[in-house]
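**Q** Quick mapping for you: the protein sequence lines, in order, are chains A and B. Position 75, counted from 1, in the first sequence is what my numbering calls 1199; the numbers after and before it change by one each time, with no gaps. Position 110, counted from 1, in the second sequence is what my numbering calls 115; the numbers after and before it change by one each time, with no gaps. Where a beta carbon is used, it is the ideal one built from N, C-alpha and C, also for glycine.
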Amino acid sequence: GDSVTQMEGPVTLSEEAFLTINCTYTATGYPSLFWYVQYPGEGLQLLLKATKADDKGSNKGFEATYRKETTSFHLEKGSVQVSDSAVYFCALRGPNSGNTPLVFGKGTRLSVIA
Amino acid sequence: DAGVTQSPTHLIKTRGQHVTLRCSPISGHKSVSWYQQVLGQGPQFIFQYYEKEERGRGNFPDRFSARQFPNYSSELNVNALLLGDSALYLCASSLLTGNTEAFFGQGTRLTVV
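1. Got a sec: which bits of the region 1155-1181 of chain A sit with their beta carbon under 9 Å from any beta carbon on chain B, in order along the chain?
2. Closer than 7 Å between beta carbons: that is the criterion. Which residues of the region 1200-1215 of chain A meet it against chain B?
3. Could you tell me which chain A residues have their CB closer than 9 Å to the CB of PHE147 of chain B, listed as they occur along the chain?
4. Exposed or buried, what is PRO75 of chain B when buried is set at 16 or more other beta-carbons lying within 10 Å of its beta-carbon?
5. If you count every other CB in all the chains shown that lies within 10 Å of the CB of GLY1185 of chain A, and 16 or more means buried, which is it?
6. Assign GLY110 of chain B to one of two classes, buried (16 or more other C-beta atoms within 10 Å of its C-beta) or exposed (fewer than that).
7. I believe ASP1126 of chain A touches THR1150 of chain A by the beta-carbon criterion, under 8 Å. Please report the beta-carbon distance rounded to the nearest angstrom.
8. Nearest chain A C-beta to LEU95 of chain B closer than 8 Å, yes or no?
9. Could you check what DSSP says for LEU1172 of chain A in three-state terms: helix, strand or coil?
10. So which residues of chain B does GLY1133 of chain A contact, with C-beta pairs closer than 8 Å?
11. Note down the Cα distance separating LEU87 of chain B from ARG62 of chain B, rounded to an integer number of angstroms.
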């Protein structure tokens, strides 16, 4: 079945450092890919998405590019802030068949220190 | 506009009891999905409902059931609670099933003791 593998955390960075969180996937067909963020004590918020190969999703300084050849969707940010401290989840949704739930990775906890 | 609302936010139950969790989707959204997030793990799909019909079910035992009402709100029921059912239960709503953006509520934190 479909699956998502993320780099294990926790990741600890200093403010203004460069962030990369690796994500690879296994899926049949061409899934849509997502990054969700979960702040302490809260639910999930969609951070960015990409629906086809070579698409780049971006939001709040975060970016990720849908790489079909490497089945990857790595999350990057050029300069992290303390407020970016959260758990980040990579997820996929299979091709539209009417019943395609999200499949999540295990999450990567990011801590940014001032 | 109100987002996805879930109730209660927290609750504590004893093993063997039954629990009902509630979710109100974003206005106009007809699809509701339920996910279980165990501490330190990613969310796992439990159910999807669209237009009051079950459209998908994850790998969970029959102790888990759900339904969707005419106003598109939903309930998740869990019978004969086990310690392992302790988790954050997330509800997500979307306009349609399939490849559309899902919006999550803040979740219900269930603790089974």
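**A** Short version:
1. Only PRO1155, SER1156, PHE1158, TYR1160, GLN1162, GLY1165, GLU1166, GLY1167, LEU1168, GLN1169, LEU1170, LYS1173 and THR1175 from the region 1155-1181 of chain A bring a Cβ to less than 9 Å from some Cβ of chain B.
2. Against chain B - using a Cβ distance shorter than 7 Å - the residues of the region 1200-1215 of chain A are PHE1213.
3. No answer is possible for residue 147 of chain B: it lies beyond the span of chain B, which begins at 6 and ends at 118.
4. Exposed, since its Cβ has fewer than 16 Cβ neighbours within 10 Å.
5. Answer is exposed; the Cβ neighbour count stays below 16.
6. With 16 or more Cβ atoms within 10 Å of its Cβ, GLY110 of chain B is classed as buried.
7. Indeed, because the Cβ distance is near 6 Å, the residues count as touching under 8 Å.
8. It does: the Cβ of LEU95 of chain B has a partner Cβ on chain A nearer than 8 Å.
9. In the structure shown, LEU1172 of chain A sits in a strand (DSSP, three-state: E or B).
10. The premise fails here: GLY1133 of chain A is roughly 10 Å from chain B at the closest Cβ pair, so nothing lies under 8 Å.
11. The alpha-carbon atoms of LEU87 of chain B and ARG62 of chain B are separated by roughly 20 Å.
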